[in-house]
Structure formats: structure tokens, C-alpha cells
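Visitor: Right, I'll just put the structure down here and ask away after.
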Amino acid sequence: AWLLLRTAQCLAGLGTARFPRLWCVTGGVRESRDEAQLAHASLWGLARVIAGEHAELWGGIVDLETADSAGPADADALLEILRSAPAEDVIAVRGGKAETARLVRTQREAAYAPVRCRPDGTYLITGGLGVLGLEVAHWLAEQGARRLVLAGRGALPPRADWHTVTDEDVLRRIEGVRSLESQGVTVRTVSLDIADAEAVARQLTPDALGLPAIRGIVHAAGVLDNRMAGDVDEASLRQVMRPKVDGAWALHGQFPPGSVDFLVFFSSCGQLLGLPGQASYGSANSFLDALAIHRNAASAAADTISFAWTSWRGQGMAVNEVVDLELRERGVSDISVSEAFGAWEFAARRGAGCYPVLRNVPVEQGTPRLPVLREIAVEEAADAPGSQQNGVSFAGLPPEQLRERAREEVAAQVAAEMKLPTASLDIRRSLVEQGLDSVMTIVVRRRLEKRFGLKLPATLLWHHPTVTAIADHVAELLTSSDD
Ligand SMILES: NC(=O)c1ccc[n+]([C@@H]2O[C@H](COP(=O)([O-])OP(=O)(O)OC[C@H]3O[C@@H](n4cnc5c(N)ncnc54)[C@H](OP(=O)(O)O)[C@@H]3O)[C@@H](O)[C@H]2O)c1
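In this note's numbering, the protein residues as written are -19 to 463.
Structure follows, in C-alpha cells:
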């Protein structure tokens, strides 16, 4: 993943008017039968995010069968794809035919039992003291779980000190444990880095836990470090991938397919939608989806579900204005906690596999639908971004006045996001140097799109680093859209 990301960064830095196209070939990720194929899986999530952020240089991903099964027809298909460069981010070539993924409503019948936990089993939740982890703990208790192991790196303070705790997050965790215990659930909190395979093997045995064998696992451990692709360094990429990729791999080793009733991965739909800022997170989550496929193919008792969740409204990592804006832009919104568990129940009854779970909402008129969402698209909303409903009218202004007005608007939006008086912004100095970070950049870009009724590139600030440069670019676009 780092190699692909670094290559994209180097190409983006060329500063040329016409970028070379970056293509990436993966082997057998769609089926993820063996470990070599699985090792390419992170590239899919990463690729979709790069495609969203750097459309100017991104070609696509082509997933071929492995060397022994791919034939000359596949090579022809690959060449044809490179030549015609279709607007698809991931293309699988099988039997000489190019195939692309589309989300569809599942047609599977409810052929399996609902989620029920055995009263004599133990259930493990990684990231179990996190926000969703505790929600899951309560839900599993409702499904009959009587023994829960909540694993995270941070330990709770000794019980004798709980009444002295003032830190809000620690209090939230303590309250979560108390509430479970009040329902008669035995809760064991375990301080464990889930990416450490040796620690997983040592700490999660029945003897080490002093509990019956683990019958079900929810892997919800994760960290965020959202940055635009150009700002991601190798350490940040590894940090975000570690709990998800190494963690899932350690669990897979300790609890091989068929050894538990269920293993559920908490992935995210961001990588399918190419959400900006999620290069590392997308890489991590696409591995989880592929590992679910790999495990289910490896055992007759398919036991693994990967949920590529949209945001759980107001919960944990979902509290993020940028993600909300970006989801909306793509015609997707969040779900409530009870909708999430409803989806879980629905999916479990339909069998193991990967389930993206998202709410489909109308996009503004004129906003193109992502190919992957086209088959589930709902009607477009009437208020187009260019309808000036939220915007300002610049019609008929002479060029210098147009640039001046655009400068005022851009400065006002940037200053509002940076919580500064507009007058204190230096409109000719780099905004990054003045403290605008990559997350603020996304918010500002989306607001400017609304204000001006224009589509602006994710790399806006890269190519136009000052208020003046952004305003001149906007004025140019407004002039050419009038022509
Ligand atoms: N919130 C959402 O709407 C949403 C949407 C899509 C997907 N997800 C996924 O759902 C999961 C839970 O998210 P959340 O919102 O509940 O976030 P959260 O509150 O930050 O919980 C994540 C937990 O993971 C634990 N963790 C991180 N690294 C770990 C490691 N190496 N070993 C063990 N535990 C580790 C953290 O605890 P320590 O720091 O103590 O280790 C933390 O409690 C994540 O995987 C996230 O990607 C969430």
C-alpha cells in the first residue's frame, strides 16, 4: 500500500499540466483464495481513495486471476482497459471479460438462524470499550451473551478507584461495564494490543481468561488518522492499518475458520465510496472485507461477516463533519444504532459475507453518481448546487469585480472554518502555513462548491494554495461556465 501511495504522491508532485496515468494490477483479490491474493486487498481501498482525491492521475485497478489461471484473453482485456481507460476504479478481468462491482440490495433469502449467543460461551469484542464496542456489548447481552471480554490497549483503573474517576472517556467506559454487569453479564476487560499475535495467543485462551471458550468475536478495534493522500507518511499508514490488518490476521490465526460461531469485522463504506482523507483507513478496511471472503471460502462452516458500515449517527469515529459532507455528496447518509443492529440481524439471517450497510439518499441535481452506487440510486433532489439556493450570484460582473467578490467569499469561508477574523488572514500567503489543515480544507472546498455552484477538485489547495489563487481559479471557472 505504501508503494502505491508513494508513487501517487510522486506523480501528484510533478506539477505538470498533463499527468501520466497510474494503473495498478492486483492478483485474485476478488476471490482472495490464498495469502498472496489477500496481501493485495488493501490496494483496492487505497485505490478508490486515490481515485477520489487525484482524478487527474488515477487510471484504475485491474484485478487479474493469478499467473497460472490467467490466459491470453485476459492479457488482451487488460490492454483494452488500459487503452480505453473506462471511468471505473476497480475492474476484475475473468475469462477475458472485464467486470465491475456494483452495490445491490441483497436478494438472499433468510436461511439462517438469528444471532443468538450461547449462555455457556464467551464473546470477545476488540475495541470493546470504544463507543461502538460498548453498544455491541449491550446488543450481544440482549442476544443472550453472559460472558463478555472487552479488549483494548488501554486498561480501566482498578475498581476500587472508579468512584474517583473524572475523565469523561474513562467514566463512559466504566458506566458501560457497570450497566452490563447490572444485567447479570460477567465482563472481563483485557488490556491487549490486538495486533500483537503472541499476546493474542497468550491472553485469549480459556485458561488465561478463566472463562469458557470464545464462541463469537466482533473485531471493532481501530484508529483514525485521516489525511489527504499527499500528507500520509508511512508511519501514519502503518498506524491505521495495524489494529485492523494485523489485528484481524492475529484473530484469524488464533480462531481459524470453523472454530467460532461467528467473527464479525467492523469495516467502513468509506473505501467503497473513495472518501477523501481515508487513504490509510480505506486500505485497512478493504483488507477486512477480503479476509472475510478468504475465511468463508476456506471452511464449510462460513462464519465471517464484514460490515462496511456507513456512519453510526453521532457515535464514536462517526462524529466528523467532513465525512458527513462527503457521504452526502455521494448520496449516502448515516444510520441510527438500532438500524445498524437491524442490518446485522438481517445480514446474519442471510449468511456470511461482506455487507456494505448504508442509507441511500438523493444527490443534488447534476451531481454524478459513483458507478458503484448506480444500481441502488434514488431520485435526485430538486435543489441543484448551481441553483443559487445557498449560493451567490455573480452574473454579469466585470472580470476584476468578479475576482474581488470571489476573494471576499473565499476569505470569509476560510476564516469561518479557521475561526479567525477575516481581516487576520493573509490572502497572499499559503493557507497551510496559516494553519488550515487537510480536514478543514475539505470542509472549505465543500462550502465553496455550495456558495459558487461549482464542482471543485479535491486537490484545490494543492494547486491553488492561497485565498487569491483559489478566488482567481473560481472566477475563471465562473467566467468559462457563463460562456
Ligand atoms: N463510528 C462509526 O460510525 C463507524 C463507522 C464505520 C466503521 N466503524 C468502525 O467501527 C470500529 C469502532 O469504531 P468507534 O467509532 O467505536 O471508535 P472508537 O470509540 O475509537 O473505538 C475504537 C477502539 O479500538 C481500540 N483499539 C485501537 N487500536 C487497538 C489495538 N491495537 N488493539 C486493541 N484495541 C485497539 C481503542 O481502544 P484503545 O485505544 O484503548 O486501544 C478504541 O476503544 C472501528 O473499527 C471503526 O473503523 C465505525
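No residue lacks a Cβ here, since even glycine has one placed at the ideal position from N, Cα and C. Every value quoted in this text rests on a predicted model; they were computed, and no experiment measured them.
Please confirm whether any heavy atom of ligand 1 lies closer than 7 Å to the CB of Asp173.
Guide: Because some heavy atom of ligand 1 lies under 7 Å away, the Cβ of Asp173 counts as near it: yes.
Visitor: Give the straight-line distance between the Cα atoms of Gly108 and Trp292, rounded to the nearest whole angstrom.
Guide: Distance between the alpha carbons of Gly108 and Trp292 is about 16 Å.
Visitor: Taking C-beta to C-beta, are Arg339 and Ser313 nearer than 8 Å?
Guide: A contact, by the Cβ cut-off of 8 Å.
Visitor: Let's see if you can read the secondary structure: which residues bound the beta strand (DSSP E) around Asp43?
Guide: Here the beta strand (DSSP E) through Asp43 covers Trp38 to Leu44.
Visitor: Quick one: any contact between the segment 12 to 20 and the segment 257 to 275, if contact means 3 or more CB pairs under 8 Å?
Guide: Contact holds: three or more Cβ-Cβ distances are below 8 Å.
Visitor: For the beta strand (DSSP E) containing Gly7, name the first residue and the last one.
Guide: Counting along the chain, the beta strand (DSSP E) containing Gly7 begins and ends at Leu2 to Gly7.
Visitor: Distance, Cα to Cα, Phe287 vs Val95?
Guide: For Phe287 and Val95, the distance between alpha carbons rounds to 15 Å.
Visitor: Could you check whether the segment 68 to 75 touches the segment 42 to 49, counting it as contact only if at least three pairs of C-beta atoms, one from each stretch, sit closer than 8 Å?
Guide: Contact holds: three or more Cβ-Cβ distances are below 8 Å.
Visitor: Apart from the five residues on each side of it in sequence, which residues of its chain come closer than 8 Å, Cβ to Cβ, to Thr459?
Guide: Pro379 and Leu382.
Visitor: Look at the Cβ atom of Arg1, then the Cβ atom of Ala67, and state whether they are nearer than 8 Å.
Guide: It is not a contact, given that the beta carbons lie outside the stated cut-off.
Visitor: Compute the Euclidean distance between the alpha carbons of Ala396 and Ile407, then round it to the nearest angstrom.
Guide: So the alpha carbons of these two residues sit roughly 14 Å apart.
Visitor: Considering only their Cβ atoms, is the gap separating Leu112 from Ala181 smaller than 8 Å?
Guide: Not in contact: Ala181 and Leu112 (Cβ atoms no closer than 8 Å).
Visitor: Return yes when the Cβ of Leu151 is within less than 8 Å of the Cβ of His118, no when it is not.
Guide: Not in contact: His118 and Leu151 (Cβ atoms no closer than 8 Å).
Visitor: Could you check the C-alpha separation between Trp324 and Gly227 for me, to the nearest Å?
Guide: Roughly 22 Å between the two C-alpha positions.
Visitor: With a threshold of 8 Å on Cβ separation, who are the neighbours of Asn276 within its own chain once the five nearest residues in sequence on each side are excluded?
Guide: Within the same chain, Asn276 has close Cβ partners Pro237, Ala282, Asp283, Thr284, Ala332 and Gly333.
Visitor: Please classify Ala288: does DSSP put it in a helix, a strand, or coil?
Guide: It is a strand residue.
Visitor: Compute the Euclidean distance between the alpha carbons of Leu515 and Phe(-1), then round it to the nearest angstrom.
Guide: The shown model of the chain, from -19 to 463, leaves out residue 515, and the question about it has no answer.
Visitor: Count the other CB atoms, across all protein chains shown, that sit within 10 Å of the CB of Pro365; report buried if there are 16 or more and exposed otherwise.
Guide: A caution first: Pro365 carries a pLDDT of 42, below 50, which makes its placement in the model unreliable, though a value can still be read off. Per the 10 Å Cβ criterion, buried.
Visitor: Quickly, what does DSSP pair Ser313 with across the bridge? List them, please.
Guide: In DSSP, Ser313 forms a bridge with Arg339.
Visitor: Would you list, in sequence order, the uninterrupted alpha helix (DSSP H) runs of no fewer than 4 residues that lie entirely inside the segment 186 to 265?
Guide: Fully enclosed alpha helix (DSSP H) runs of 4 or longer: 186 to 189, 214 to 221, 227 to 234 and 250 to 253.
Visitor: Between the Cα of Ala(-12) and those of Val9, Ala31 and Glu15, spot the shortest distance and give me the residue it belongs to.
Guide: Minimum Cα distance to Ala(-12) is reached at Ala31.
Visitor: Tell me which residue opens and which closes the alpha helix (DSSP H) that Ser49 is part of.
Guide: First-last for Ser49: undefined, no H or E at that position.
Visitor: Could you give the DSSP three-state label for Arg409: helix, strand or coil?
Guide: Arg409 falls in the coil class under three-state DSSP.
Visitor: Compute the Euclidean distance between the alpha carbons of Arg387 and Lys435, then round it to the nearest angstrom.
Guide: Rounded to the nearest angstrom, the two C-alpha atoms are 17 Å apart.
Visitor: Got a sec? Which residues, its chain only, sit under 7 Å from Leu405 by beta carbon, not counting five neighbours each side?
Guide: Answer for Leu405: Ala391, Val394, Ala395, Gln414 and Val447, listed in chain order.
Visitor: Leaving out five residues on either side along the sequence, give the residues of the same chain with a beta carbon under 7 Å from the beta carbon of Asp173.
Guide: Cβ within range, chain order: Arg133 and Ala179.
Visitor: Which one or two residues does DSSP pair with Thr166 in a beta bridge?
Guide: According to DSSP, which records beta bridges pairwise, Thr166 is partnered with Arg127.
Visitor: For the beta strand (DSSP E) holding Thr80, just list the boundary residues, first then last.
Guide: Per DSSP, Thr80 belongs to the beta strand (DSSP E) from Lys77 to Thr80.
Visitor: Can you find a heavy atom of ligand 1 that lies under 7 Å from the Cβ of Gly107?
Guide: Yes, the beta carbon of Gly107 sits closer than 7 Å to at least one heavy atom of ligand 1.
Visitor: At the level of alpha carbons, what is the spacing between Ala16 and Leu(-15)?
Guide: If I take the Cα positions, the gap works out to 19 Å.
Visitor: Please find out if some non-hydrogen atom of ligand 1 comes closer than 7 Å to the beta-carbon of Trp289.
Guide: Result yes, Cβ under 7 Å from ligand 1.
Visitor: Where do the N-terminal and C-terminal ends of the beta strand (DSSP E) with Ile30 fall, by residue?
Guide: That residue, Ile30, is in no beta strand (DSSP E); its alpha helix (DSSP H) goes Ser22 to Glu33.
Visitor: Go ahead and label Lys77 buried or exposed: buried means 16 or more other beta carbons lie within 10 angstroms of its beta carbon, across all protein chains shown.
Guide: Lys77 comes out exposed.
Visitor: Beta-carbon within less than 8 Å of Tyr335's beta-carbon, same chain only, minus the 5 sequence neighbours each way: which residues are those?
Guide: Result list for Tyr335: Thr86, Ile285, Ser286, Phe287, Ala288, Ala323 and Ala327, in chain order.
Visitor: Please classify Gly124 as buried or exposed, where buried requires at least 16 other C-beta atoms within 10 Å of its C-beta.
Guide: Under this definition Gly124 is an exposed residue.
Visitor: Helix, strand or coil: which one does DSSP assign to Ser279?
Guide: It is coil, neither helix nor strand.
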